[in-house]
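A short write-up of the structure that comes next.
2 protein chains.
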Amino acid sequence: MPRSKDDLSGLRRKAAPMPPPEGMPPCEPGAARRLPKDEREKRIIEGAIQFFAERGFEGQTRELAKRLGITQPLLYRYFPTKDDLIDRVYQDLYVKRWQPVWEEWILDRSQPIDRRMKRFYKDYAASILTYEWMRIFLYSGLAGFDINNRYLTLIRDRVLVKLCGEWRHEFGLPDPTALPIGEAELELAWALHGAIIYLGIRHFIYGLKVPRNFDPLIEADIDVFLAGLPGKLAALTREMAAE
Amino acid sequence: MPRSKDDLSGLRRKAAPMPPPEGMPPCEPGAARRLPKDEREKRIIEGAIQFFAERGFEGQTRELAKRLGITQPLLYRYFPTKDDLIDRVYQDLYVKRWQPVWEEWILDRSQPIDRRMKRFYKDYAASILTYEWMRIFLYSGLAGFDINNRYLTLIRDRVLVKLCGEWRHEFGLPDPTALPIGEAELELAWALHGAIIYLGIRHFIYGLKVPRNFDPLIEADIDVFLAGLPGKLAALTREMAAE
DNA sequence: CAGCTTATTGAGCAAGCGATAAATAAAAAT
DNA sequence: ATTTTTATTTATCGCTTGCTCAATAAGCTG
């Protein structure tokens, strides 16, 4: 079978790390020098998020400084080591973006289940399906940092397990207190979660063209998922109850 | 609201890049020196795949050589530059793993649609949901290489678009020649695809514990997806036909 | 203006990087 | 056994990297 043109032969690399979406000029063109301490620190962190998202943690401090319009040794006045700067990037990026109200939305039974799920996932996607969040999260995952494990454990315990409980209630299946949420069940929740996250991966990691507005896609995914869920869920709970 | 223990405060990094699954000893303990040219080249490529999967392309040639039980300059006897070695890694990892028969499986209408999808995705997952494939693919995506874009374009044109056509046929909807596959429709295919890929991301990138056998999970995902699909698909084609 | 504080810079070190060239030694050829 | 070939190593170059420290200059206080 002859190969057509769109195959993978002749693989070559491209030295173009995906540029950030908004071409914000390197932060300061004729940067006003001698800023107050707090202001400078803030700018460094913001610039570092942008920079590390683009280049990864192996990005060099000299180039980061160049983008910030400052010299490299100044970075070390504000952060004793590069690792300390990276830690601050994590703080600003992950810890601050978690919304405890999400858990309440999911459990709010005054709303139908699809509305709750759509509300949560649209807001969640708006929070984390961004250039900086997605790329830094993946860079840190590949580097083997434990933040990813911790963050996803949070997602599992605070979101997915609760979703499973609400589905049980919605479809008239045994309460989790009577029959604990099983692994296969939880994997269904991970599947929907992965489908939504993969939107961001396609766009921000692989640079693929993706519909600009994620919301209708998320709603469609949830519709399909919920329409197909009860059959499988009933089968799974039957299996588990039988043991 | 007081924070519980499993939150994200006190983020710290961990200097442990996720180790490969099978602790294959560094390739050669008391390595028989002076290998024939082909054999040595083969070992270098295999070792490089393992090494770059773990450390990324910024992994140093000296450490790669150390794992291979050879000295660093010897690498440059076989590959003129580090980039040339990386290109060979791509060839071995991506080009060789594409199975043209997959496209035939999907279009084989002598089998029911769920059987076809499960057969393809289980085989596809067995091929690419591996430590080396997933990690190198993500490293190269983050680095901005064009392989990812090319590979996923292949997936879209050779797999997902065809799946959409088969769904149309399955549910008695207009043929793609009469009404072309729409964007929203294709996004549903990406959703299922993403749900399955995300299994590998969770495990090999983030180091999360995931059920060992992916097959039953993939089957469940497809069952839920197919059960929920016809309603949404009918609505989408109605919308498109109305324009 | 003088004097003090401190944000910022210029110069540079030690270690690590990809890559090179000549020297060595193991296998093959004569 | 001697020569030829070549897989492999030793030593090193030029450059980059994270990081340091003394010098500079901008702003505040009197």
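These protein sequences, in sequence, are chains A and B. The first sequence begins at 1 in the numbering used here and counts up one residue at a time. The second sequence begins at 1001 in the numbering used here and counts up one residue at a time. Backbone N, C-alpha and C fix where the C-beta goes; we use that ideal spot for every residue, glycine too. Just so it is clear, the structure is predicted and the values come from calculations on it, not from any experiment.
message = I'd like to know whether the C-beta of A/Phe-82 is nearer than 8 Å to at least one C-beta of chain B.
response = It is Lys, not Phe, that sits at residue 82 of chain A in the sequence shown. Not one chain B Cβ lies under 8 Å of A/Lys-82.
inquiry  = To the nearest angstrom, how far is the alpha carbon of A/Ile-128 from that of B/Leu-1074?
reply    = Taking the straight line from one Cα to the other gives about 45 Å.
key: Whole-angstrom distance between B/Glu-1058 and A/Tyr-139, CA atom to CA atom   = 12 Å
inquiry  = For a contact defined as C-beta to C-beta under 7 Å, what are the partners of A/Val-250 on chain B?
reply    = Only positions 1 to 243 of chain A appear in the structure, and residue 250 of chain A is not among them; the question remains open.
inquiry  = Is A/Asn-213 close to chain B? Criterion is C-beta to C-beta, closer than 8 Å.
reply    = Any Cβ of chain B closer than 8 Å to the Cβ of A/Asn-213 would place that residue at the interface, and such an atom is absent.
request  = Give a yes or no on whether the minimum CB-CB distance between B/Ile-1070 and chain A is below 8 Å.
outcome  = no
request  = Consider the Cβ of B/Val-1159: report whether some Cβ of chain A lies at a distance smaller than 8 Å.
outcome  = no
Beta-carbon proximity of B/Met-1134 to B/Ile-1045, cut-off 8 Å = No.
Of the listed residues B/Gly-1165, B/Ala-1189, B/Leu-1152, B/Ala-1178, nearest to A/Ile-205 (C-alpha basis) = B/Leu-1152
ask   = Is it a yes or a no for the stretch 179 to 196 of chain A touching the stretch 213 to 225 of chain A, going by three-plus beta-carbon pairs under 8 Å?
value = yes
query = What residues in its chain sit with their C-beta under 7 Å from that of B/Thr-1071, if we drop five residues either side in the sequence?
reply = Ala-1065, listed in sequence order.
ask   = Taking the alpha helix (DSSP H) that B/Thr-1061 falls in, what are its first and last residues?
value = 1061 to 1068
message = In chain order, what are the residue ranges of uninterrupted alpha helix (DSSP H) at least 4 long that sit wholly in the stretch 139 to 170 of chain A?
response = 147 to 155, 161 to 170
request  = Evaluate A/Asn-148 with the Cβ neighbour count: other Cβ atoms within 10 Å of its Cβ, from every protein chain shown; 16 or more gives buried, anything less gives exposed.
outcome  = buried
key: Nearest residue (CA-CA) to B/Pro-1112, options B/Pro-1211, B/Arg-1043, B/His-1169   = B/His-1169
task = Apply the 10 Å Cβ neighbour rule to A/Glu-256 and answer buried if 16 or more other Cβ atoms are within range, or exposed otherwise.
result = The requested residue 256 of chain A does not occur in the structure, where chain A is confined to residues 1 to 243.
query = How is A/Gly-172 classed by DSSP in three states: helix, strand or coil?
reply = coil
Range covered by the alpha helix (DSSP H) that runs through B/Trp-1190 = 1183 to 1200
key: Partners in chain A for B/Met-1018, counting only beta-carbon separations shorter than 7 Å   = Gly-144
query = Is any beta-carbon of chain B found at less than 8 Å from that of A/Arg-77?
reply = Judged by the 8 Å Cβ criterion, A/Arg-77 is not in contact with chain B.
ask   = Is there at least one Cβ from chain A nearer than 8 Å to B/Ala-1184's Cβ?
value = yes
message = If you reduce the DSSP assignment to three classes, tell me which class A/Leu-217 lands in.
response = helix
key: Per-residue DSSP class, three states only, for A/Val-101   = helix
key: Contacting residues, own chain, Cβ-Cβ under 8 Å from A/Lys-5 (five flanking each side not counted)   = Low confidence applies here, because A/Lys-5 scores a pLDDT of 47, under 50, leaving its location unreliable; read the following figure in that light. Result list for A/Lys-5: empty, nothing under 8 Å.
task = Compare the C-beta of B/Glu-1058 against all C-beta atoms of chain A and say whether one is closer than 8 Å.
result = yes
ask   = CB A/Glu-187 to CB A/Leu-233, shorter than 8 Å?
value = no
Any C-beta of chain B under 8 Å from that of A/Ile-49 = Taking CB atoms only, A/Ile-49 has no neighbour in chain B less than 8 Å away.
ask   = Is it buried or exposed for B/Val-1101, if we count other Cβ within 10 angstroms and need 16 for buried?
value = exposed
query = How about A/Lys-122 and A/Asp-215: do their beta carbons lie closer than 8 Å?
reply = Result yes, Cβ atoms of A/Lys-122 and A/Asp-215 sit closer than 8 Å.
task = In angstroms with no decimal places, state the Cα-to-Cα distance between A/Arg-40 and A/Tyr-78.
result = 9 Å
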